[in-house]
Amino acid sequence: MTLFRRPAVRQLTTACLLAAAACGAQAEAPRQNTVNFSATAHREVVQDELTVVLEAVKDGSQAADVQAELKRVLEAALTEARALIKGAAPEAVSVQTGGFNLYPRYGNNSRITGWQGSAQLVISGTDAGKVSTVSGKLNQLNVTQVRYGLSRALREQHEASLTTEAIRQFRARAGQLATDFGMKGYTLGAVSVSSTDAGFEGRPVPMMAMAKAAAPMADAALPLAPGRGTLTITVAGDVFLTP
276 MTLFRRPAVR
286 QLTTACLLAA
296 AACGAQAEAP
306 RQNTVNFSAT
316 AHREVVQDEL
326 TVVLEAVKDG
336 SQAADVQAEL
346 KRVLEAALTE
356 ARALIKGAAP
366 EAVSVQTGGF
376 NLYPRYGNNS
386 RITGWQGSAQ
396 LVISGTDAGK
406 VSTVSGKLNQ
416 LNVTQVRYGL
426 SRALREQHEA
436 SLTTEAIRQF
446 RARAGQLATD
456 FGMKGYTLGA
466 VSVSSTDAGF
476 EGRPVPMMAM
486 AKAAAPMADA
496 ALPLAPGRGT
506 LTITVAGDVF
516 LTP
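In the numbering used here, the protein residues as written are 276 to 518.
Right, here's the structure in full:
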C-alpha cells in the first residue's frame, strides 16, 4: 500500500509562510521615539554667468527661401562670433546655436500667404565683458533675452559648503532634541538633501525694443549688471532617539 503525505507538506508550507509573514510584520513595525525635522543653510550669491540670446527673423513667400536666408545669416553670425572668442577659455565665453523655427502665415481665407522663420545664437560665459562685447558686435541679429545665472564651478563650490553647514545644523538639532526628550542619544534614519536657487530666473528683453535700439548700439557692449540669488540646501529626515 502506498501512503501519501502531501497534506502534511502543505500544512508545513503554510506554517512557514505564516511564520515568515509574522516576522516581516515585526520587521516593518514602525520604530518608537522617531522624530522628523529639517535643517536649512542658505547664502546670497552674486550671479557670475551671463547668457545672451540673439535672434534673426525672416519672412517670405516661399519656405525654402526663408530657410535658406536664415541659414545664411546664422552661419555668418556663427563664424564672426567664433572669430571674436578665439583663444578664450570655454567657461569664459562660448557660442552655440539655439532654436530654428519655420512656420506659415495665414490670410483671411485660412490659406497660406507666406512663411516666417527665426534662428537663434546663444553667447554665454563667466567673462561678462567679453560676452557683452561679442553680442554687441553681431549686428545682423537682435538681442531677445538676457539672463544671469551661476556657473557650474561656483554653484558646486557654494553647494558643497552649504551642505556641510546644513548637515552640521541637522546633527546639532538632533542632539538637542535627544537631550530635551531626556534620551541618551540618537541614530540616523532616512535622510535627504535637496537644493533650491531662488532669484536666478532669466531677465527677458522685449525683441521690438532691442530691434529699435540696434542701430545706435552697433559694435557696442550691452549695458548689463549681474543680479543676486539665494542658494539653499535643506537636510530633512528621521532620527531615532535612544533611551
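Glycine included, every Cβ here is placed at the ideal spot set by N, Cα and C. Computed from a predicted model, the values in this text were never measured in an experiment.
When the beta-carbon positions are compared, residue 503 and residue 433 stay at least 8 angstroms from each other. If only uninterrupted beta strand (DSSP E) runs of at least 3 residues are considered, those enclosed by the region 359-443 are 369-381, 387-400, 417-424.
Residue 338 carries a helical assignment under DSSP once its states are collapsed to helix, strand and coil. Counting along the chain, the unbroken beta strand (DSSP E) around residue 312 starts and ends at 309-321. For the pair residue 391 and residue 320, the CB atoms are not nearer than the 8 angstroms cut-off.
When the beta-carbon positions are compared, residue 413 and residue 356 come within less than 8 angstroms of each other. If the five residues before and after residue 456 are omitted, its C-beta is found closer than 6 angstroms to the C-beta atoms of 516, all from its own chain and listed in chain order. For residue 460, the uninterrupted beta strand (DSSP E) segment begins and ends at 460-473.
Selection 387, 467, 326, 512 evaluated against residue 369 yields 326 as nearest (Cα-Cα). Excluding the 5 residues flanking it on each side, residue 501 has same chain C-beta neighbours closer than 8 angstroms at 321, 322, 323, 325, 403, 423, in chain order.
The distance from the Cβ of residue 335 to that of residue 389 is about 6 angstroms, consistent with a contact at the 8 angstroms cut-off. Check the Cα spacing between residue 459 and each of 514, 410, 468, 430: the tightest is with 514.
Comparing alpha-carbon positions, the option among 333, 359, 378 lying closest to residue 398 turns out to be 359.
In the DSSP assignment, residue 515 falls within the beta strand (DSSP E) that extends over 503-517. Check the Cα spacing between residue 446 and each of 345, 364, 312, 344: the tightest is with 312.
Distances from the alpha-carbon of residue 436 to those of 380, 316, 405, 379 put 316 closest.
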